Amino acid sequence: MAGESSVAESPQPATTSQDAVRYGIELECVFVFHEDQIMPGRFNGEPIETIKSLDYKQRSERRFSRCDPRFANDRIYNSWGRFCEAKIDNQNLNPYTSEPLLIARDVLRRKVKALISDLRNPRVVGTMTPADKRAIDWDSGRWILTPDASVCGVGSENIAKWLPNKVLAPGQTWDSFDSYGIEIVSPILNANEVNDKIRIRDIVDAIKGSDTEKNAAFVTNQCGLHVHVEAPTPSDFRRNPDPEAEAVDETIEEKKVREAAEEAEAEKLADDVKKELAMILIVYEDEIARLHPPCRRPGHLNAAFSFSSNRLGLINEGLDNFPGRLCGAGVDTSMAACMNLTEPVGGVTGVDCSHRAVSQVASIPDIRAAMERATVEQMVELLNWPAVSRFNEKPNRENGDKDRQVNLTYMIRSGNSPKTIEFRQAKSSLDFEDISRWVDFCVGLVRLARLYVEDRSRFPVQNWNDTRLADGTIQCNKIDVFDLIRDMDLGQTATEYWERRVEKYMLGKPGDENDRLDHEKPPDE
Numbered sequence: 079m080a081g082e083s084s085v086a087e088s089p090q091p092a093t094t095s096q097d098a099v100r101y102g103i104e105l106e107c108v109f110v111f112h113e114d115q116i117m118p119g120r121f122n123g124e125p126i127e128t129i130k131s132l133d134y135k136q137r138s139e140r141r142f143s144r145c146d147p148r149f150a151n152d153r154i155y156n157s158w159g160r161f162c163e164a165k166i167d168n169q170n171l172n173p174y175t176s177e178p179l180l181i182a183r184d185v186l187r188r189k190v191k192a193l194i195s196d197l198r199n200p201r202v203v204g205t206m207t208p209a210d211k212r213a214i215d216w217d218s219g220r221w222i223l224t225p226d227a228s229v230c231g232v233g234s235e236n237i238a239k240w241l242p243n244k245v246l247a248p249g250q251t252w253d254s255f256d257s258y259g260i261e262i263v264s265p266i267l268n269a270n271e272v273n274d275k276i277r278i279r280d281i282v283d284a285i286k287g288s289d290t291e292k293n294a295a296f297v298t299n300q301c302g303l304h305v306h307v308e309a310p311t312p313s314d315f316r317r318n319p320d321p322e323a324e325a326v327d328e329t330i331e332e333k334k335v336r337e338a339a340e341e342a343e344a345e346k347l348a349d350d351v352k353k354e355l356a357m358i359l360i361v362y363e364d365e366i367a368r369l370h371p372p373c374r375r376p377g378h379l380n381a382a383f384s385f386s387s388n389r390l391g392l393i394n395e396g397l398d399n400f401p402g403r404l405c406g407a408g409v410d411t412s413m414a415a416c417m418n419l420t421e422p423v424g425g426v427t428g429v430d431c432s433h434r435a436v437s438q439v440a441s442i443p444d445i446r447a448a449m450e451r452a453t454v455e456q457m458v459e460l461l462n463w464p465a466v467s468r469f470n471e472k473p474n475r476e477n478g479d480k481d482r483q484v485n486l487t488y489m490i491r492s493g494n495s496p497k498t499i500e501f502r503q504a505k506s507s508l509d510f511e512d513i514s515r516w517v518d519f520c521v522g523l524v525r526l527a528r529l530y531v532e533d534r535s536r537f538p539v540q541n542w543n544d545t546r547l548a549d550g551t552i553q554c555n556k557i558d559v560f561d562l563i564r565d566m567d568l569g570q571t572a573t574e575y576w577e578r579r580v581e582k583y584m585l586g587k588p589g590d591e592n593d594r595l596d597h598e599k600p601p602d603e
């Protein structure tokens, strides 16, 4: 959030704040290109050639398929290889490095006028480590193109199935086209800047191309759309300077005491908003999942290793150790305890994180009371449970496991990286409206948490189910995502958009395009 507020002195608001909120997106897709677009290369004087036919065994080697099969089975590299007589990394045959990304960059520079300038030239980088991310100037305005190991090409022979309307030029055949999984990462954008949305639209239109161009892109169920929203900070809640108040006779010491109290109040409000967002996520997890296809919901095998439920910590440990020490002696933090599969896979049954299961662990009032006693760090450990180091499985998880529906660990990461809330659940899309609506929803949730802190009576429910009060009356508690959408003030067209989405997925069938696994099956032995 950017911009200043005098929240502490304001009357209770009737609507969500429209202060500027900064955000960014990470859009995954499968990029299609023609063989004559691959730049010729040399290494130690030897030419690098393209090899189109790689067998499954070759492609499944870890240096080709970099997605750990323990977490995402059958995410197998399905693109061409590059061969050189002079060994590169002790190998003659290697996967692509930057070749597809350079082609995608050229497409964007050619078709998006705002990217022609060298200052706006999209950066091409390899798979980004945490150190790489810390070194990036996210305020530079430059977009980034990077490979994504969890998104695979589909093989030349299958591209036509994904692009049924594409028209080949005379003499072209599908075996002259290849596909490769990429991720398009935005710089920091502003929710109140229309031009930032226009830039997203232009980039999406450019990368997906037209039916007659050499280049195209499409989305499989492996592809995600991650939205990072800047976490609340004390600056969002600091009082605006009051010249009249400053003119009052006040000693230096009194001014220091007053300013310290105001800063403490601002810090508490920022923390309260973060914890209120956590309450929304815990209570409305199943409801928010209705906005997404089955393949992007916790419990579905397609999502099991990309993100799990934010309720795992609550289900596995309850409130006995919260706030306090989670993941103590005797607590199972194995990978099996971190998956919430709806159907057993490989002997792993997973953890039930449904509304029914979480309602049996603790009431909403009890969760809220515990949350109010907790620090932000403790809250993150609960929602991104478990905060344990797994150097041989998942490194850099000391603050919690980021592979959840919503990753809150980035709010408390060290260094210069933006402190963000990462919404990981959405399936990717090359439809601008889909992207725009999901961005608005994610930004809206953060704004909504602020509204509910400033006006506690606005939180739509008080418990998991209808409750009989002491005076004998029934307190109705219907948990409905459209209550959140209403309180966000996104407008009637947004409500109708989400209603159509929910209806579409309700009418879906098992194994359809919104439910299937878009993985390559191993060949028969």
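According to this note's numbering, the sequence shown is numbered sequentially starting from 79.
No residue lacks a Cβ here, since even glycine has one placed at the ideal position from N, Cα and C.
In this text, all values refer to a predicted model and were calculated from it rather than measured experimentally.
Exercise. Which runs of the alpha helix (DSSP H) spanning at least 4 residues fall entirely within the stretch 195-227, listed in chain order?
Worked result: 208-213
Exercise. Any idea what DSSP makes of Asn273, helix, strand or coil?
Worked result: helix
Problem set entry | Reference Arg187, options Glu328, Val202, Tyr174, closest by Cα | Val202
Exercise. According to the Cβ coordinates, are Ser514 and Lys275 closer than 8 Å?
Worked result: yes
For this session: Spatial neighbours of Trp516 within its chain, please: CB distance less than 7 Å, with the 5 preceding and 5 following residues excluded, ordered by chain position.
Result: Leu303, Val305, Ala504
Exercise. Would DSSP call Ile37 helix, strand or coil?
Worked result: Residue 37 lies beyond the residue range present for the chain, which begins at 79 and ends at 603; the question has no answer from this structure.
Exercise. Going by beta carbon distance, what residues of the same chain come within less than 6 Å of Ala452, once the five residues before and after it are set aside?
Worked result: Pro401
Exercise. Since Gly119 is in the beta strand (DSSP E), which residue starts that stretch and which ends it?
Worked result: 119-121
Exercise. Just to confirm, are Ser441 and Trp542 a CB contact at a threshold of 8 Å?
Worked result: yes
Problem set entry | Runs of beta strand (DSSP E) wholly within the stretch 414-493 (minimum 3 residues, chain order) | none
For this session: Indicate the three-state DSSP secondary structure (helix, strand or coil) for Ile499 in the structure shown.
Result: strand
Exercise. If you run the structure through DSSP and keep just helix, strand and coil, what is Glu328?
Worked result: coil
For this session: In angstroms with no decimal places, state the Cα-to-Cα distance between Ala164 and Glu354.
Result: 58 Å
Exercise. Just checking my contact of Cys230 with Gly259 at CB under 8 Å: how many whole Å lie between their CB atoms?
Worked result: 6 Å
Exercise. If we call anything under 8 Å between Cβ atoms a contact, is Thr251 one with Asp596?
Worked result: no
Problem set entry | 8 Å Cβ shell around Gln553 - same chain, five flanking residues per side excluded | Gln540, Asn541, Asp544, Thr545, Arg546, Leu547
For this session: State the Cα-Cα distance for the pair Phe142 and Ser506, rounded to the nearest angstrom.
Result: 23 Å
Problem set entry | Rounded separation between Gln96 and Val458 - CA only | 26 Å
Exercise. Does the stretch 335-345 come close enough to the stretch 306-315 that 3 or more CB-CB pairs lie under 8 Å?
Worked result: yes
Exercise. In this structure, what does DSSP give as the bridge partners for Asn268?
Worked result: Arg100
Exercise. Looking only at its own chain, which residues have a Cβ that is under 7 Å from the Cβ of Arg183, when we skip the five neighbours before and after it?
Worked result: Pro200, Val202, Leu223
For this session: Inspect the beta-carbon positions of Leu397 and Ala348 and report whether they are closer than 8 Å.
Result: no
Exercise. How about Gly406: is its Cβ closer than 7 Å to a heavy atom in the ligand FAD?
Worked result: Absence of the ligand FAD from the depicted structure is noted, as is the absence of any ligand whatsoever, leaving it without description.
Exercise. Is Asp364 helix, strand or coil by DSSP?
Worked result: helix
For this session: Taking the CB atoms as reference points, tell me whether Ser257 and Ser131 lie closer together than 8 Å.
Result: no
Exercise. When you compare each of Phe385, Glu363, Val439, Thr573 to Met413 by their alpha carbons, which one comes out closest?
Worked result: Phe385
For this session: Quick one: measure Cβ to Cβ for Asn418 and Gly391, integer angstroms, because I've assumed they're closer than 8 Å.
Result: Actually they do not touch by this definition, with Cβ atoms about 12 Å apart.
Exercise. Leaving out five residues before and five after Ile194 in sequence, what residues of the same chain have Cβ atoms less than 7 Å from its Cβ?
Worked result: Arg187
For this session: Output the boundary residues of the beta strand (DSSP E) element that contains Pro173.
Result: 169-173
Exercise. Is Ile154 helix, strand or coil by DSSP?
Worked result: coil
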